[in-house]
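Here is the structure we will look at, set down as structure tokens.
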Amino acid sequence: MHAEMVLILIATLVIAQIVLVQWKQRHGRSYNLVTLLQMWIVPLYFTVKLYWWRFLSTWGMFSVITSYIIFRATRKPLSGRTPRMVYKWFLLIYKLSYAVGIIGYLAVMFTMFGFNLFFRIKTEDSMDFGVILLFYGLYYGVMGRDFAEICSDYMASTIGFYNFGSMPSRNLSCDICAVCGQKIFVDVDEEGIIEDTYQLSCNHLYPFSSALGLLLTP
Numbered sequence: 152m153h154a155e156m157v158l159i160l161i162a163t164l165v166i167a168q169i170v171l172v173q174w175k176q177r178h179g180r181s182y183n184l185v186t187l188l189q190m191w192i193v194p195l196y197f198t199v200k201l202y203w204w205r206f207l208s209t210w211g212m213f214s215v216i217t218s219y220i221i222f223r224a225t226r227k228p229l230s231g232r233t234p235r236m237v238y239k240w241f242l243l244i245y246k247l248s249y250a251v252g253i254i255g256y257l258a259v260m261f262t263m264f265g266f267n268l269f270f271r272i273k274t275e276d277s278m279d280f281g282v283i284l285l286f287y288g289l290y291y292g293v294m295g296r297d298f299a300e301i302c303s304d305y306m307a308s309t310i311g312f313y314n315f316g317s318m319p320s321r322n323l324s325c326d327i328c329a330v331c332g333q334k335i336f337v338d339v340d341e342e343g344i345i346e347d348t349y350q351l352s353c354n355h356l357y358p359f360s361s362a363l364g365l366l367l368t369p
């Protein structure tokens, strides 16, 4: 009986793995969307059930702000400020998740080598602290990456000031950013206080955030 159960379990795992791989290869967008929604919604159930209010607070703030970012990225026509806003938000998520993950990893390694005992910190508390930070960094890092891809796909379908086979829909002066529509105050050769100005091969000038927000779109 137990041998049959083990064989059924192994067969189920193998078949499920094959189905998932085929799904990802044949319908990559739907696979990414479904897995992202599961990773976004499923933790909410366990968070409320187990009273993990710390995770619920961070999840709520991330969800509210990211939902607004997605709303702005999916509007038609696309606002000129949106690529810059999308880039800045997901860059912030990347930096925070990277830093939190590194701190969590170091905390776990210090605990494994016993450095926590020098500071009179219990091994359980030190390990829990490191694992929690490592989980936060990985979770929000993956979530931010997937949501950034969704926003870039939507912006790629709407961004642009030129129509194929027709005249340009905008005629901007050389000191106006073609993405956000704002005046460029920093010259290419000058060092900016907040952000620098870059010139692409097409001779268009873009502030740093707008240029990288534009590069999010494939």
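In my numbering, the protein residues as written are 152 to 369.
All C-beta atoms in this analysis are idealised placements derived from N, C-alpha and C, irrespective of residue type, glycine included.
- When the beta-carbon positions are compared, Met278 and Thr262 come within less than 8 Å of each other.
- Assigned with DSSP and collapsed to three states, Ser277 falls in helix.
- Within the model, the alpha-carbon separation for Tyr202 versus Ile221 is close to 28 Å.
- A distance below 8 Å separates the beta carbons of Leu284 and Gly255.
- Under the DSSP assignment, Asn183 falls in the alpha helix (DSSP H) whose first and last residues are Gly179 to Leu201.
- When DSSP states are grouped into helix, strand and coil, Ser303 belongs to the helix group.
- Distance from the CA atom of Arg226 to the CA atom of Tyr249, rounded to whole angstroms, is 30 Å.
- Residue environment: Thr233 is assigned as buried (16 or more neighbouring CB atoms within 10 Å of its CB, all protein chains considered).
- Going by DSSP, Pro228 is part of no alpha helix (DSSP H) at all; its letter is neither H nor E.
- With fewer than 16 neighbouring CB atoms inside 10 Å of its own CB, Ile161 falls in the exposed class.
- Scanning its chain for C-beta atoms nearer than 7 Å, with the 5 sequence neighbours on each side dropped, one finds around Asn267 the residues Phe261, Thr274 and Ser277, in chain order.
- Contact check for Gly252 against Leu207 fails: the beta carbons are separated by 8 Å or more.
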